[in-house]
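Going letter by letter, the sequence shown gives residues -31 to -1, 1 to 128 in mature numbering (1 follows the signal peptide of the UniProt record, and there is no 0).
Just so it is clear, CB atoms sit at the ideal spot from N, CA and C, and this is done for glycine as well.
The structure appears right after this line, and notes come after that.
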Amino acid sequence: MSRLAKLSATIMAAIFYSMVFFSANDNGVSAISIKSVKKIVPFLKQNDEYTPLIFFTAPKDTVPASDAMEKIVSDVEKEMNVKVQRFDVLRDRMSRKLYEKIVEGEIGDRTNMFPLLYHRESRQKVFGLTDAERVKSWAKGRWLPPDEMVVKRSSGEQL
């Protein structure tokens, strides 16, 4: 989207938010609410519901770990009745900037690792593919040991 298009969209949004729309009916003049305007104009829609859970992902079929994690996160959402906000890092520049800010100061390969789960309130980060139990603990805001501390048994199960 060009700068001119973004500027015009911003100006239009400001006009819609600052104006009250009137229409004539049998009883006189009635105001149209901002909520009804948001339904008509899709770019004015905003996510009104706050969630501390963020899932940084890549487009479908580009990163296999991201696709597998999407399934796990969706299952946890249904099971625990929580909402996880998703950010597509490869398609959205602002999502990429937020991702870079969150992983700032991380050591090693983690700076470009997808997917990433981030809990805003506990500041917990889960990098890469993990199991459903760890995702549930993350969603509850519990303390998670670093990935290096998760010891695996010889059969592949975690201790």
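query = Would you say the segment 55 to 66 touches the segment 91 to 100, given that touching needs at least three Cβ pairs under 8 Å?
reply = no
message = Please report the distance separating the alpha-carbon of Leu86 from that of Gln93.
response = For this step, residue 86 is matched to residue 117 along the sequence shown. For this step, residue 93 is matched to residue 124 along the sequence shown. Rounded to whole angstroms, Leu86 to Gln93 spans 8 Å at the Cα level.
query = Trp107 to Val53, Cα distance in whole Å?
reply = The residue labelled residue 107 in the question sits at position 138 within the sequence shown. The residue labelled residue 53 in the question sits at position 84 within the sequence shown. So the two alpha carbons sit approximately 11 Å from each other.
request  = Have a look at Pro84 and Ser43 and give me their C-alpha separation to the nearest angstrom.
outcome  = In the sequence shown, the residue the question calls residue 84 occupies position 115. In the sequence shown, the residue the question calls residue 43 occupies position 74. So the two alpha carbons sit approximately 14 Å from each other.
query = Tyr68 lies in the alpha helix (DSSP H); which residues open and close that run?
reply = Taking the first residue of the sequence shown as position 1, residue 68 is located at position 99. Start and end: 62 to 71.
Euclidean distance between Cα positions of Ala(-8) and Thr(-22) = For this step, residue -8 is matched to residue 24 along the sequence shown. For this step, residue -22 is matched to residue 10 along the sequence shown. Confidence in Ala(-8) is poor, its pLDDT being 46 and thus under 50, which makes the residue's placement too unreliable to answer from.
inquiry  = Applying the 10 Å Cβ sphere with the 16-neighbour rule, what's the burial state of Tyr68?
reply    = Looking up residue 68 in the sequence shown gives position 99. Classification for Tyr68: buried.
key: Lys94 in three-state terms, based on DSSP   = As a position in the sequence shown, residue 94 is number 125, starting the count at 1. In the structure shown, Lys94 sits in a strand (DSSP, three-state: E or B).
query = Apart from the five residues on each side of it in sequence, which residues of its chain come closer than 7 Å, Cβ to Cβ, to Lys29?
reply = Looking up residue 29 in the sequence shown gives position 60. Answer for Lys29: Asp36, listed in chain order.
Arg(-29) - partner residues in DSSP beta bridges = Your numbering for residue -29 matches position 3 in the sequence shown. Beta-bridge pairing links Arg(-29) to no other residue.
message = Under DSSP, the alpha helix (DSSP H) around Asp44 begins and ends at which residues?
response = Here residue 44 corresponds to residue number 75 of the sequence shown, with the count starting at 1. Run containing Asp44: 33 to 49, per the alpha helix (DSSP H) assignment.
key: Candidates Glu46, Ser91, Pro33, of which the one nearest Pro21 by Cα   = Within the sequence shown, residue 21 is the residue found at index 52, counting from 1. That would be Ser91, whose Cα lies nearest to the Cα of Pro21.
Proximal residues to Ala34 (C-beta, below 8 Å), its chain only, five neighbours per side dropped = In the sequence shown, counting from the first residue as 1, residue 34 sits at position 65. Cβ within range, chain order: Phe83, Pro84, Gly97, Leu98.
key: Cutoff 8 Å; reference Leu113; Cβ partners in own chain excluding five residues on either side   = In the sequence shown, the residue the question calls residue 113 occupies position 144. So the list reads Gln93, Val95, Arg103, Ser106, Trp107, once near-sequence residues are dropped.
inquiry  = Here's the rule: buried if 16 or more other CB atoms are within 10 angstroms of the residue's CB, otherwise exposed. What is Met49?
reply    = Start at 1 with the first residue of the sequence shown, and residue 49 comes out as number 80. Result: exposed.
ask   = Any idea what DSSP makes of Thr(-22), helix, strand or coil?
value = Counted from its first residue, the sequence shown places residue -22 at position 10. The answer is helix: DSSP assigns Thr(-22) an H, G or I state.
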